[in-house]
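Chemist: So the protein sequences, as listed, match chains A and B.
Numbering follows our numbering, with no gaps: position 96 of the first sequence is 96.
Numbering follows our numbering, with no gaps: position 82 of the second sequence is 82.
There are 2 protein chains.
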Amino acid sequence: MENIPGLYTNPDPVTQDYIFNHTMLRVRDPKVSLDFYSRVLGMKLLRKVDFNEWKFSLYFLAMVKELPAGDDSAVSTFTAGLSGVLELTHNHGTEENAETPYHNGNTEPRGFGHICFSVPDIKAACERFESLNVPFQKRLGEGGMKNIAFIKDPDNYWVEIIEA
Amino acid sequence: MENIPGLYTNPDPVTQDYIFNHTMLRVRDPKVSLDFYSRVLGMKLLRKVDFNEWKFSLYFLAMVKELPAGDDSAVSTFTAGLSGVLELTHNHGTEENAETPYHNGNTEPRGFGHICFSVPDIKAACERFESLNVPFQKRLGEGGMKNIAFIKDPDNYWVEIIEA
Numbered sequence: 001m002e003n004i005p006g007l008y009t010n011p012d013p014v015t016q017d018y019i020f021n022h023t024m025l026r027v028r029d030p031k032v033s034l035d036f037y038s039r040v041l042g043m044k045l046l047r048k049v050d051f052n053e054w055k056f057s058l059y060f061l062a063m064v065k066e067l068p069a070g071d072d073s074a075v076s077t078f079t080a081g082l083s084g085v086l087e088l089t090h091n092h093g094t095e096e097n098a099e100t101p102y103h104n105g106n107t108e109p110r111g112f113g114h115i116c117f118s119v120p121d122i123k124a125a126c127e128r129f130e131s132l133n134v135p136f137q138k139r140l141g142e143g144g145m146k147n148i149a150f151i152k153d154p155d156n157y158w159v160e161i162i163e164a
Numbered sequence: 001m002e003n004i005p006g007l008y009t010n011p012d013p014v015t016q017d018y019i020f021n022h023t024m025l026r027v028r029d030p031k032v033s034l035d036f037y038s039r040v041l042g043m044k045l046l047r048k049v050d051f052n053e054w055k056f057s058l059y060f061l062a063m064v065k066e067l068p069a070g071d072d073s074a075v076s077t078f079t080a081g082l083s084g085v086l087e088l089t090h091n092h093g094t095e096e097n098a099e100t101p102y103h104n105g106n107t108e109p110r111g112f113g114h115i116c117f118s119v120p121d122i123k124a125a126c127e128r129f130e131s132l133n134v135p136f137q138k139r140l141g142e143g144g145m146k147n148i149a150f151i152k153d154p155d156n157y158w159v160e161i162i163e164a
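1. Under 8 Å between C-beta atoms, does B/Val49 make it to chain A?
2. Provide the residue(s) that pair with B/Ala171 in DSSP beta bridges, ordered along the chain.
3. With DSSP collapsed to three states, give me the class of B/Lys31.
4. Under 8 Å Cβ-Cβ, which residues of chain B neighbour A/Ala80?
5. If you drop the 5 nearest sequence neighbours on each side, which residues of the same chain put their C-beta closer than 8 Å to that of B/Leu45?
6. What does the alpha-carbon distance come out to for the pair B/Ser57 and B/Met145?
7. Using only CA atoms, which one of B/Thr89, B/Arg139, B/Asn3 and B/Asn10 lies nearest to B/Asp195?
8. Taking only beta-carbon positions, decide if A/Gln16 is within less than 8 Å of chain B.
9. Just to confirm, are A/Asn21 and B/Ser118 a CB contact at a threshold of 8 Å?
10. For a quick check, are the C-beta atoms of B/Cys116 and B/Ile151 less than 8 Å apart?
11. Could you please tell me which residues of the stretch 94-120 of chain B, in chain order, have their CB closer than 7 Å to any CB of chain A?
12. At which residues does the alpha helix (DSSP H) containing B/Ile122 begin and terminate?
13. Would A/His103 pass as a contact of B/Arg110 if the rule is Cβ separation under 8 Å?
14. Determine whether the beta carbon atoms of A/Gly134 and A/Val75 lie at a separation below 8 Å.
15. For B/Ile148, collect the residues of the same chain with a Cβ closer than 7 Å to its Cβ; drop the 5 residues on either side in sequence, then sort them by chain order.
16. Which residues mark the beginning and the end of the beta strand (DSSP E) in which A/Ser174 is found?
17. In this structure, does DSSP put B/Val159 in helix, strand or coil?
18. Starting from the C-beta of A/Pro30, find all residues in its chain whose C-beta is less than 8 Å away, skip the five residues before and the five after it, and write them out in chain order.
19. Can you have a look at B/Leu132 and say buried or exposed, based on whether 16 or more other CB atoms are within 10 angstroms of its CB?
20. Could you tell me which chain A residues have their CB closer than 8 Å to the CB of B/Arg39, listed as they occur along the chain?
21. Just to confirm, is the Cβ distance from B/Val14 to A/Arg128 under 8 Å?
22. Does DSSP put B/Arg139 in a helix, in a strand, or in coil?
23. Can you tell me the Cα-Cα spacing of A/Gly84 and A/Tyr18, whole angstroms?
24. Name, please, each residue of chain A whose Cβ falls closer than 9 Å to the Cβ of B/Gly144.
25. Per DSSP, A/Glu99 forms a beta bridge with which residues?
26. Along the stretch 124-149 of chain B, what residues have a CB closer than 8 Å to any CB found in chain A?
27. Of all the CB atoms in chain B, is at least one closer than 8 Å to the CB of A/Asp153?
28. Is DSSP giving B/Asp72 helix, strand or coil here?
29. Around the C-beta of A/Gly42, are 16 or more other C-beta atoms found within 10 angstroms, so that it is buried, or is it exposed?
30. Using the beta-carbon of each residue, which ones in chain A are nearer than 8 Å to B/Leu25?
31. Applying a beta-carbon distance threshold of less than 9 Å, which residues of chain A neighbour B/Asn21?
32. Applying a beta-carbon distance threshold of less than 8 Å, which residues of chain A neighbour B/Asp71?
33. Closer than 7 Å by C-beta to A/Phe36: which residues in its own chain qualify, once you throw out the five before and the five after it? Chain order, please.
34. Run the CB neighbour count on B/Ala164, radius 10 Å, all protein chains shown included, and call it buried at 16 or more, exposed below.
35. Quick check: what's the CA-CA separation for A/Thr23 versus B/Ala124?
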């Protein structure tokens, strides 16, 4: 990957211990979002942090085999050292809305587009999502890119599914 | 993490090979975004895919020590198997805008909030960002959470900085 305009191929050594740790999405109701990310996608909740004074809570999830042990400080350190963490922000009270107050970035104004999970067998994964009544934005075989799918999380954020 | 409403702590075994692969952000100009993510944050470009018929290009970056070897199929498989990939989408022509046409999700309509990098020494990292003239959304010591910072990427997406 040389000769790509703007690309810097000789990174400062100090950056090489930086970790792309997490992506944060606001969610209407953590009950339904945790159900989606833990039951449908198999993520584990590593950490929940309540900021009651400021009326919000954070939920940190990741695809880990084992939950971290130890006190909140140990779990916080473990979580900060991972890549591929999803942070869900719940502003207290939004769960009382019938519909999500949040915007998924794929209509104007656009910006953020989606998160993506890769799976070992995309056909099996999509059949499983259908059996769980997960809504699809795009099914396998539809549209220009036939070998990928998009499902929707409870706030209508798009979750791309690709085969690893 | 038991007894959290909605949380499913006995995940379907088929989900345990799912990988939270990437987060996609649209960018105005890949030249300036690649400069930011490769020079300032040290990410490596794994793969660039052009869809000229549909007038967009995709750039896949990650914090990897070594670039993958092999043809595009091998690189694609390598990329899909990682966690912590950042996908930048360039819709051809947006680079001609003087300002980004994209919305960072932190004013109405809100939704996506930020991505986050963890670093070994946040004070040193923030001093380095200052020396590189990176704009800050929030400096260390400001606001309610004094031990985190937010910098802004070239499209004004917020990038949280925490200490691992």
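Ideal Cβ positions, reconstructed from N, Cα and C, are used throughout, including at glycine.
Modeler: By the coordinates alone:
1. For B/Val49, no CB of chain A lies under 8 Å from its own CB, so it is not counted at the interface with that chain.
2. Residue 171 of chain B falls outside the range modelled here, since chain B spans only 1 to 164, and no answer is possible.
3. Three-state DSSP puts B/Lys31 in a helix.
4. Result: Ser118, Ile162, Glu163 and Ala164.
5. Correct list, in chain order: Leu34, Ser38, Tyr59, Phe60 and Leu61.
6. Taking the straight line joining both Cα atoms gives about 37 Å.
7. Outside the displayed span of chain B (1 to 164) sits residue 195 of chain B, for which this structure offers no information.
8. Contact with chain B is found for A/Gln16, since one of that chain's Cβ atoms lies less than 8 Å from the residue's Cβ.
9. In contact: A/Asn21 and B/Ser118 (Cβ atoms closer than 8 Å).
10. Cβ distance not < 8 Å, so B/Cys116 and B/Ile151 don't count as in contact.
11. Result list: Tyr102, His103, Asn104, Gly105, Pro109, Arg110, Gly111, Phe112, Gly113, His114, Ile115, Cys116, Phe117, Ser118, Val119 and Pro120.
12. Residue range Ile122 to Ser131 is occupied by the alpha helix (DSSP H) that includes B/Ile122.
13. The Cβ atoms of A/His103 and B/Arg110 sit closer than 8 Å to each other.
14. The sequence shown places Val at residue 134 of chain A, rather than the Gly named in the question. No; because the gap between Cβ atoms is not below 8 Å, this pair is not in contact.
15. Excluding positions up to five away in sequence, the list reads Glu160, Ile161 and Ile162.
16. The shown model of chain A, from 1 to 164, leaves out residue 174 of chain A, and the question about it has no answer.
17. Reduced to three states, the DSSP call for B/Val159 is strand.
18. Once the five neighbours on either side are set aside, the close Cβ partners of A/Pro30 are Ser57, Tyr59, Leu88, His90 and Glu95.
19. When all chains shown are included, B/Leu132 counts as exposed.
20. Going along chain A in sequence order, the residues near B/Arg39 (Cβ under 8 Å) are Tyr8, Pro11 and Asp12.
21. The Cβ-Cβ distance between B/Val14 and A/Arg128 falls below 8 Å.
22. Three-state result, B/Arg139: coil.
23. Using only the alpha carbons, I get a separation of about 13 Å.
24. Here the neighbours are Phe51, Glu53 and Trp54.
25. Per DSSP, none; premise fails for A/Glu99.
26. Flagged, chain order: Ala124, Ala125, Arg128 and Gly144.
27. No, A/Asp153 does not count as interfacial toward chain B.
28. Looking at B/Asp72 - three-state DSSP - the assignment turns out to be helix.
29. Label assigned to A/Gly42: buried.
30. Neighbours of B/Leu25 on chain A, chain order: Gly111, Phe112 and Gly113.
31. The answer, in chain order, is Gly84, Ile115, Cys116, Phe117, Ser118, Glu160, Ile162 and Ala164.
32. Those within 8 Å of B/Asp71 in chain A number zero; the least Cβ separation is about 14 Å.
33. The residues are Asp153 and Pro154.
34. A buried status is given to B/Ala164, since no fewer than 16 other beta-carbon atoms sit within 10 Å of its beta-carbon.
35. Distance between the alpha carbons of A/Thr23 and B/Ala124 is about 23 Å.
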